[in-house]
Amino acid sequence: MPSTLLTGANSFVASHIIQALIKDGHEVTGTVRRAATGDDIFALHPEWKDHLDIVVVEDLANEESWDAVFDGKNFDHVSEHRQHLL
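Just so we're on the same page, the numbering used here is the position in the sequence shown counted from 1, plus 7.
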């Protein structure tokens, strides 16, 4: 089963990509900046719980913040939709 990392999982565009990836049999890991945002995603799409893993990355510029995203995972695809900060 292919696995995909999708950053900025709470964006409008990302929600449609997540839906398509899950429909195509992907396991998806999505990043958000706050745990409550992940809760909101599952409140809107409870059917995604078995196929979407949400990881909180609070500080996008801190490399250590990304450790939980990549810990023990190998992604076949990466789709970036996070907000770029100046």
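Glycine is no exception: its CB is placed at the ideal position from the N, C-alpha and C atoms.
{"Asked": "Cβ-Cβ separation, E87 to T14 (assumed contact under 8 Å), whole Å", "Found": "5 Å"}
{"Asked": "Whole-angstrom distance between V20 and E6, CA atom to CA atom", "Found": "The structure shown does not extend to residue 6, since the chain spans only 8 to 93, so no value can be given for it."}
{"Asked": "Local conformation of E65 per DSSP, three classes", "Found": "coil"}
{"Asked": "Burial state of V62, where buried means 16 or more other Cβ atoms lie within 10 Å", "Found": "buried"}
{"Asked": "Alpha carbon of A43 to alpha carbon of D78, nearest angstrom", "Found": "22 Å"}
{"Asked": "Host alpha helix (DSSP H) of H23 (start-end)", "Found": "19-30"}
{"Asked": "Proximity below 8 Å, CB of V85 to CB of T38", "Found": "no"}
{"Asked": "Proximity winner among M8, P9, S18, S22, relative to E54 (alpha-carbon distances)", "Found": "S22"}
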